[in-house]
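A.B. asks:
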Amino acid sequence: MPTAADGPWPENADTVDRPRELTVFGVEPADDGVPATLRSELPDDADLLVLDRPAEKLSLDERTIGYLRNPALLFWGLVVALGALRDRAFYGTAGRRFVHLAVEDVAAERGLPVVASGRHPLAAASESSIRWRAGGWIAALAGVSGLASVAVLPGLGTALFLLTALALVAAYLLAYSGARMDADADRLFERTLQIAEERGARHPVAVVRSSRRAGVVRRAKSARIRTRERQLSPVEDETGDEDDLDEEGEFAE
Numbered sequence: 001m002p003t004a005a006d007g008p009w010p011e012n013a014d015t016v017d018r019p020r021e022l023t024v025f026g027v028e029p030a031d032d033g034v035p036a037t038l039r040s041e042l043p044d045d046a047d048l049l050v051l052d053r054p055a056e057k058l059s060l061d062e063r064t065i066g067y068l069r070n071p072a073l074l075f076w077g078l079v080v081a082l083g084a085l086r087d088r089a090f091y092g093t094a095g096r097r098f099v100h101l102a103v104e105d106v107a108a109e110r111g112l113p114v115v116a117s118g119r120h121p122l123a124a125a126s127e128s129s130i131r132w133r134a135g136g137w138i139a140a141l142a143g144v145s146g147l148a149s150v151a152v153l154p155g156l157g158t159a160l161f162l163l164t165a166l167a168l169v170a171a172y173l174l175a176y177s178g179a180r181m182d183a184d185a186d187r188l189f190e191r192t193l194q195i196a197e198e199r200g201a202r203h204p205v206a207v208v209r210s211s212r213r214a215g216v217v218r219r220a221k222s223a224r225i226r227t228r229e230r231q232l233s234p235v236e237d238e239t240g241d242e243d244d245l246d247e248e249g250e251f252a253e
């Protein structure tokens, strides 16, 4: 079960701006346990589902501009594409699409609206500082140079150079994603709050990537919104004891 709603202000809950309560579910792509878990954990009084997926598809021009701003994201896109091919082989659909379909199916059963609130990573590239963009170009050039060297002059030396270049790209992408994590979680919370207020929702449920769950919950608590949270997938403890622990380490009622 989700953790009990926190917050030391139940006596003035009616004075808190909408929404009165927010439930945040963290999910991992391509987990076939999401539909059943979401169905059983969705609060009875939930009146809106907010999904962490891009609200709009980027045009070819927008994608091109995003890659020009940070070409290192091309390598990220390649990894994502390979992951999508793997998921299609095992699950018959892309991992993220699998979660989206699960949310939409459960929402249809409950008669709940589903609203996308996320943003494509390339759309966020415009917010990166000059240093991050410069680092992206350096990492991308290193990666391309490593690939080209192996293709033109294969050998042990060029193979080691390629590994070093790819390690540089991976290190940059890891640092970049870490730097973007808080900003993405903050934006996701703001969009969730905006959507809930526009639709008059009193208890929205946000289904977000696991890496963003903590950030969204932190922002909700800072905004004095009573918050429940649960990691829907992967389920590490079948007994559910770990998920039923509240923030003080005690079992939630």
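Heads up: the sequence shown is residues 1 to 253, going by UniProt numbering.
Backbone N, C-alpha and C fix where the C-beta goes; we use that ideal spot for every residue, glycine too.
(1) Please report the Cβ distance between residue 46 and residue 205, rounded to the nearest whole angstrom; I am assuming they are in contact, meaning their Cβ atoms lie under 8 Å.
(2) Looking at the unbroken alpha helix (DSSP H) that takes in residue 45, where does it start and where does it end?
(3) Ends of the beta strand (DSSP E) at residue 22?
(4) Give the secondary structure of residue 173 by DSSP, where H, G and I count as helix, E and B as strand, and everything else as coil.
(5) When the Cβ atoms of the stretch 152-168 are set against those of the stretch 189-198, are three or more pairs found closer than 8 Å?
(6) Three or more beta-carbon pairs under 8 Å between the stretch 135-142 and the stretch 64-83, yes or no?
(7) For residue 248 and residue 217, what's the separation of their Cα atoms in angstroms?
(8) To the nearest angstrom, how far is the alpha carbon of residue 49 from that of residue 159?
(9) According to DSSP, is residue 202 part of a helix, a strand, or is it coil?
(10) Run through the stretch 114-157 for me and flag every whole alpha helix (DSSP H) of 4 or more residues, listed as ranges in chain order.
C.D. replies: On the basis of the data shown:
(1) Here residue 46 really is in contact with residue 205; their C-beta atoms are around 5 Å apart, less than 8 Å.
(2) Boundaries cannot be given for residue 45, as no alpha helix (DSSP H) includes it and DSSP labels it neither H nor E.
(3) Element bounds for residue 22: 21-27.
(4) Residue 173: helix per DSSP, three-state reduction.
(5) Segments in contact, no.
(6) In short, these stretches touch, since the Cβ pair count reaches three.
(7) Here the model assigns residue 248 a pLDDT of 35, short of 50, so the residue's position is not dependable and the matter cannot be decided.
(8) Cα to Cα, residue 49 sits roughly 48 Å from residue 159.
(9) Note: residue 202 maps to coil in three-state DSSP.
(10) Counting whole runs of 4 or more residues, the stretch 114-157 contains the alpha helix (DSSP H) stretches 130-152.
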